[in-house]
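Residue numbers (the numbering used here), protein chains in the order written: chain A, 133 to 847; chain B, 133 to 847.
Idealized CB from N, CA, C, for every residue including glycine.
Model, not experiment: these values are computed from the prediction.
Structure first, commentary second.
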C-alpha cells in the first residue's frame, strides 16, 4: 500500500536494521559511539516545564479524555464537556490563574500542560482553551481585581462555561473593524449592546451553540457620541436553569465542521442587550457614571493592541500543540516503517523494510528534522512568553518580540503539522487512512490551526512588517493600509536586537561578513551564513522596493505594497525558518553526550540542507551558490538520510509518547507479529517441501533442461 | 479570517472588479476583445462525452444522492446503499456492460458519467465503483460469456452487492505477493480457498463489512503442485437471507475511516472454502477437470499484468473525479474571493475584495491553471481508455501507453485535488472549515485517492520504468527487484512513440534541437523546450547512473536503484507535468473564439511558468536558464496573475457546476448580501450624521486645532 522500489544496499552503507537502540557508525563517520541517549534527549525535549508536561501526559493518557472516533458532533460535544469537568477535578487547568483564587500564576507551565492535551483529543484542548485560555484570560487580563474575584471562580470551576466573542462573520482577521456596538446610556448607567446588521454577528464562537452561559463580547465602545474603539464586556447569554438565551440575545449553531467537532461553535447576536456599566472589562479603558471615557493608554491604536496582546497565548499554545501532533504522527509512521516490509529485492531474500527505501526516508526524515527544530523553537517561545506574562521581562519591546516570534513560529509549525500528518498518512498507505491510526483524525482537527488565532498568512505579514521596521526607519511610521491597521501601535518605539529577532539586527549591522568561499554546506557556519544572508537580502530587496511608499498617497502606497505582497510573505517565512534553525543549533550546544550530539548534528544539518534545497533557486539566482555547489545539495541530503536511518526510531522514541498517547494499531507491533507468523509459515513449507512450486521457477527449469537437451545433440 | 495586506492598484493595472462577464483588456495587451466565451469554453471542457456528463450532472444534482454531513458511518453506509439503488433505477451505471445484458458497451461514457458523481458524494462514486467498476468489471473482463450471463444481471441490478477482494493486509501495492491460495481438488472438481495466516486477510475491501453477498477473490491458483500465480475467483460470501457469512468465510469491519464513510470497508478471510471449479474466472487461465492448467498467455508475468490491466479503469476514473473536485473547490473559493472584502486600503474607501490581493491570486490562480491542464489531460486519457477498451486501438503498445498515462495523470491529479481543496479551505478562512462549504468534506473523502487504485508513489515508479525503457534498451529486460516485479511483463516488446508518450521518444531522437537563446519564457515553444528538455535530461542522467545495474547481481542492482529512487520519481513527475502542459496546449489549438483563446493562453502560460518556477533550481543548476532570466520568472507570473484576475470568475463558471453541485453557503451570494446591508447601514449613518465620531479622528482634529492655536500665538 506504500511506495517503493528497491532496497538500500545494507552492506555497502553499513546501515543496521531498525531497533529501539542502535550504535553502528556509518563508514564515513570515523567510527566512535554515535548512539542516541534516548532518555537524556527526551529530557532535553521536555524542556523547562518537564514536570508539568509529565503530569499533563499522565492525564492525557487516561481513557476518560480520549477522543472516541465516529461519534456524531452532538455526542462528541457532550463528551468534550464532560472531559472539561474531568480536567477541573484533576487540577489541570488553573495554573495561570491568580494564587488568591486557587491558581498558581504559572503562565509558561499552564501553556505547556495545555498543549499536551492535544494527544488526547484536540477538541478537548481547544475547548479548554476557549474556557480558560480565552474567556477566563480575558476576564483576568482585561478586567479589574473585582472582576476577577466576581467571575473567575465560576469560570475556573466550569460552573460558568463561556465564550470569547470577538470574531464577526463580516470581519475575520480585521478585528478593529468589528461592528457590534456597546453604547453607554448614562440615564441607566448601562451599556446597550447591539448587532447592527447580519455581517456583525459573532461567528465561529466556541461554546456559543450550546454550553455558553456567558461571554466576553468585543464591541465598539461608544459614549458621549465618540467611538473609543474595541473593548471587552462581560455578557450573560443564557439562563443557567432553562439554558435558553436571555432576552435580546440570539444565535445559531455552526453545525458540523471539518474537525474539532467536540466544540459547539456558533453565532451570536445582540438586540439592545443592557449591561451594567461595570461589566466593561476596564483595565485599559473605563467609563464613569457620567459617561466620561478614560484610559491609561492615550493612543487608541496602542490601546487596541495592548488589549489584543493576551491573544498571543493562544498562538503560543497552538505552536506547541502542532509540534506535539507532529511528534505523535512521526512516531507512528516511523515505527511502522521500521517494521513493515514490502516488495522483495530478490526472490530469496526477505522483503525490505519501508524505512530502508530512499524515498521513504526522504518523506519522513526531513519532517522529523523540522519537528525537532520546531520543538526547540517552541521552547524558546514558551520561555519568552513566560518572561513577559510573569512580568520578569515585560517591556514594550519584549512584548513586541513575543508577538513577532509567536506569529512566525505558529505559522510554520501549524502548516508543518498538517504537512507531516498528511505525509505520514500517505506513507502508511491504506492503513494510514483508517481512523484507528490517528493521522486523518488529527489532521482534520488541526486543519483550522492554520487560520484561527491569527490566519497564518496575516501573521506572516505582521512578521514582515517588523522585519521592515528593523531594517529601516522609514517603515516604522508609514501607514500601509492594512498592515498599519493590523500592526498599528507596534510601529512606534521600536528597538532592535531582541533575542528572538537578533539575527535581523545583527546582519543589518554586519553586511558582507559572510565568506562564501570557505564555508561548506555541512558546516554550521556555512548553513547559518546562507540562511541568514537570504533573510537579510530579501528584507533589503523588498525594503528597497517599498521605500517609495512612505512618500506616496495612501492608496498608491497600498497598491505598491500589494505588488510585493508575495515577496513580503516569503521573506517572513525565510526569517521564521532561520529562527527555527537557530533554536535547533542552540539546543545542540546544550547536549553533552557525544553520540547524541553527533546524531542530532546530522539532523540539524538535514534541516538546514532541506531549507537550502527548498530555496535553492534563490541561492543560485542570487549568486550565493554556484551551479556546481548547488548540484551537491541533493546528494548530501541523501547521504545524511542514510546516516540518520539507523537512529530514526531512537529519535522518535525520545519524544516520550507511550501507547496511551499514540493509540495507533500500526504502531503497536502488530505488523511485525503478522510478518513473523507469515515467515514461519513459509519456512515450514520450504522445510517440508510439500508447498507448491512456482510456475515461473518451473519454466526456468524447463528452459535449462531444453538447453541441456540441445547441447547433448550430436553437432 | 483570511490573509491579506493591501489592495491591487486598480487604476494602474486596469483590473475590473469581478463579475460573471468581463472584457477589459490589460494595458499591455494591445486592446482587443479578450472576454471569455463561457458557454463555448464550458462545452470544450465537457469533451467528447458531453451528453453523458450532462445527464450525470443532472442526476448528481438530485438531493437524493447528496451527502448528508454529520451522519454516523452506519447511517452514511445505509444512505449510500440506497443511493446505489437510485442509480440503478435511473440507468446511470450500466453503460460499460454488454448490450446483450442491457448495457451499451460504452466504456468512455461509463467512466465520464461515473466521475461526475463525485460532486454528489464521493462515497457514492466509490461504492458504485466497487460494485460495477471493480466487482462487475472483473466478472466481465476476466470471466467467460457464461460467467457474464450468470452473474452480471445480479451485479447490474444490485441484487448481488459484491466485493473486489484483492488487497491483503500483508501486501498492499505488491499484488503478486498475495498469500491467499486456491488449491484445486480434482476429486471433487473444486477449488479450496484458504487464508494461510493473518497477513493474508483481505483488507480495506469495499462492501465487505456489511453489504457484500459475493466477491471476486484474488488468490494464488495451485493445481498439481504448481502455483500458477494470481487468479480471480467468484466467491459467495453471505447468505442472501440471513446475511450471515457462509461457512468458512469470516471477516471484520474496518470501522471509521478518514473519509468515504458511506462505504463499508472490511476484512475477509477464508478457511477451506470450497468453490466449484467453474467459479474460476477463466479468461486468461483455466483448469480442466483433471487439474491441468492452461492459459492463452504463456508468460506468467504477462498473464498477471493482463489480468490486472482492467484495474486501469479505476485510475482513469479517479483522475477525472479528482479534476471534478478541484473544479468545484475553485469555483467556490474564487466566487467567494470575488465578493468577500477584508481590510480597508484607507479609511474612506471600500475594503478590498480578496481576489484583488496578490497573494490571494498566487494561491488560487496557478491552481486554476493546473486544473485546466489536468482537465484537458484527463480528456485525452479518457479517449485513449475508450480506444483500448472498445477495441478500436488495442494493441499491446496501446495498452502499455494507457497504463503509463493513467499512472502519470492519476498521481498528479489526485495530489493536486488535495492541495487545491486545502488551499481553497485556508483561503476562505474559518468559513472554509465549516462542513457546509464543502472543502473539508471533499478533502477527507478524496484523501485516499492518493494511495488507492495504485499508490501514487508506486505509480510514478512505473512511469519511470517506462521512461527508462524508452530511453535505452538496457532497461527493457533488466530486473530491478521491485520495479521488475511491479512492471513485470511490460518490459518486453516495447515499442516507442505512442501518442501519450511521444515527447519522450521525440526528444530522445532529437537532442540538441532547442535553441535556448531565442526562446522567450512566455512563448509556447520556449515553455515546451524548457519542460521537455528537463524530462529528457533527467531521464538521460538517471539512465546513465543506472545502466551499470544491468550487469550487477540482483541485490546490488537493487541497491543502486534505491540510491536513485528519489530522482526516478522526480523524473516521472516531470514527465507527467509535461503531458499536462501538452494537453493544455493542444486544447488551445482547438479554440476558435479569439478572446477565449487569449485568456486561455495566459492561463496555459501561467501553468507553464508555474512549473518552471517550481523547478527553477534545476534550470539554473543545469545551465538551462541564466541567473538573469531566472529572476524574471516570478515577475512574469505576477503580471499574468494581474491579467487573469478579471477573468477568474468566468474561468470557474465555465466548469458548468450549478448551485445543486456546489451546495456551499459562501458561494451562494450571501456574502455580498451581507456586505450590501452593512454598507447601506453605514451610508445611512453618515447621511444622518448621528453616528459616533471615531476617537482617532477626534484626536487628529484636536492636534490640528492645537497646531493652529500655537501658530496663532505671538512669536
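Fill in: Rounded separation between residue 786 of chain B and residue 774 of chain B - CA only
20 Å
Worksheet item: What are the partner residues of residue 418 of chain B, as DSSP defines its beta bridges?
Response: B:426
Practice prompt. Determine the chain A residues that contact residue 806 of chain B at a beta-carbon separation under 8 Å, and present them in chain order.
Written response: 301, 302, 329, 330 and 331
Worksheet item: Which bits of chain B does residue 576 of chain A rub up against, with CB to CB less than 8 Å?
Response: The CB of residue 576 of chain A comes closer than 8 Å to the CB of 390, 572 and 576 in chain B, given here in chain order.
Worksheet item: Between the Cα of residue 326 of chain B and the Cα atoms of B:281, B:400 and B:282, which residue gives the shortest distance?
Response: B:400
Fill in: Exposure of residue 397 of chain B, with buried meaning 16 or more beta-carbon neighbours within 10 Å
Buried is the call here.
Worksheet item: Counting Cβ pairs, one atom from each stretch, are 3 or more of them under 8 Å apart for the segment 326-341 of chain A and the segment 269-289 of chain A?
Response: no
Practice prompt. Output the boundary residues of the beta strand (DSSP E) element that contains residue 317 of chain A.
Written response: 313-317
Practice prompt. Would you mind listing the alpha helix (DSSP H) stretches within the segment 757-789 of chain B that are 4+ residues and don't spill past its ends, in chain order?
Written response: 759-776 and 780-785
Practice prompt. Give every residue of the same chain whose Cβ lies closer than 6 Å to the Cβ of residue 541 of chain B, excluding the five residues on either side of it in the sequence, and list them in chain order.
Written response: If we look at residue 541 of chain B and ignore the five residues flanking it on each side, its Cβ neighbours are 451, 509 and 513.
Worksheet item: Taking just the CA atoms, how far does residue 748 of chain A sit from residue 754 of chain A?
Response: Roughly 10 Å separates the two Cα atoms.
Worksheet item: Along chain B, which residues have their Cβ under 9 Å away from the Cβ of residue 566 of chain A?
Response: Neighbours of residue 566 of chain A on chain B, chain order: 336, 386, 387, 388, 389, 390 and 397.
Practice prompt. Count the C-beta pairs between the segment 566-577 of chain B and the segment 441-456 of chain B that are closer than 8 Å, then say yes if the count reaches three, no if not.
Written response: No: the two stretches stay apart, fewer than three of their Cβ pairs being nearer than 8 Å.
Discussion item. One question on the structure: do residue 190 of chain B and residue 197 of chain B come within less than 8 Å of each other, judged by their Cβ atoms?
Written reply: no
Discussion item. In this structure, how does DSSP classify residue 742 of chain A when only helix, strand and coil are distinguished?
Written reply: helix
Discussion item. According to DSSP, simplified to helix, strand and coil, what is residue 438 of chain A?
Written reply: helix
Worksheet item: In this structure, what does DSSP give as the bridge partners for residue 359 of chain A?
Response: Assignment of beta-bridge partners to residue 359 of chain A by DSSP yields A:354 and B:826.
Discussion item. Quick check on residue 238 of chain A: does DSSP put it in helix, strand or coil?
Written reply: coil
Practice prompt. Kindly give me the distance between the Cβ atoms of residue 357 of chain B and residue 825 of chain A, rounded to whole angstroms, as I take these residues to be in contact under 8 Å.
Written response: 6 Å
Discussion item. Using a 10 Å radius around the Cβ and a threshold of 16 neighbouring Cβ atoms, would you call residue 718 of chain A buried or exposed?
Written reply: exposed
Worksheet item: Who are the near neighbours of residue 720 of chain B in its chain, counting only those whose CB is closer than 7 Å to its CB and skipping five residues on each side?
Response: 729, 732, 733 and 736
Fill in: Residue nearest to residue 411 of chain A in terms of C-alpha spacing, selected from A:276, A:425 and A:441
The residue with the shortest Cα to Cα distance from residue 411 of chain A is A:276.
Worksheet item: Which class does residue 199 of chain B belong to by DSSP, given the choice of helix, strand or coil?
Response: coil
Practice prompt. Identify each residue in the segment 696-711 of chain A for which the Cβ-Cβ distance to at least one residue of chain B is less than 9 Å, and report them in chain order.
Written response: 696, 697, 698, 699, 700 and 701
Worksheet item: So which residues on chain A does residue 489 of chain B lean against when the C-beta distance must stay under 8 Å?
Response: 694 and 697
Discussion item. Give me the residue from B:318, B:360 and B:298 with the minimum Cα distance to residue 338 of chain B.
Written reply: B:298
Worksheet item: For residue 820 of chain B, is the classification buried or exposed, using 16 other Cβ atoms within 10 angstroms of its Cβ as the cut-off for buried?
Response: It is exposed - the Cβ of residue 820 of chain B has fewer than 16 other Cβ atoms within 10 Å.
Fill in: Contacts that residue 205 of chain A makes with chain B (C-beta to C-beta distance below 8 Å)
202
Worksheet item: Residues in the segment 734-756 of chain B with C-beta within 7 Å of chain A's C-beta atoms, listed in sequence order?
Response: 748, 749, 752, 753 and 755
Fill in: Exposure label - residue 459 of chain B; buried when at least 16 CB within 10 Å
Flag for residue 459 of chain B reads buried.
Fill in: Extent of the continuous alpha helix (DSSP H) run through residue 406 of chain B
Premise fails: residue 406 of chain B lies in the beta strand (DSSP E), 405-408, not in any alpha helix (DSSP H).
Item to complete: Give, in chain order, every residue of the segment 811-830 of chain B whose Cβ lies closer than 7 Å to some Cβ of chain A.
Response: 813, 824, 825, 826, 827, 828 and 830
Worksheet entry | Pair within 8 Å by beta-carbon distance, residue 553 of chain A and residue 469 of chain A | no
Fill in: Sequence-distant residues of the same chain with beta carbon closer than 8 Å to residue 517 of chain B, five excluded per side
Taken in chain order, the residues that qualify are 239, 240, 243, 444, 445, 448, 534 and 538.
Practice prompt. Could you please give me the residues that DSSP links to residue 295 of chain B through a beta bridge?
Written response: BP columns for residue 295 of chain B point to B:347.
Item to complete: Just tell me which of B:588, B:506, B:598 and B:504 has its CA closest to the CA of residue 529 of chain B.
Response: B:598
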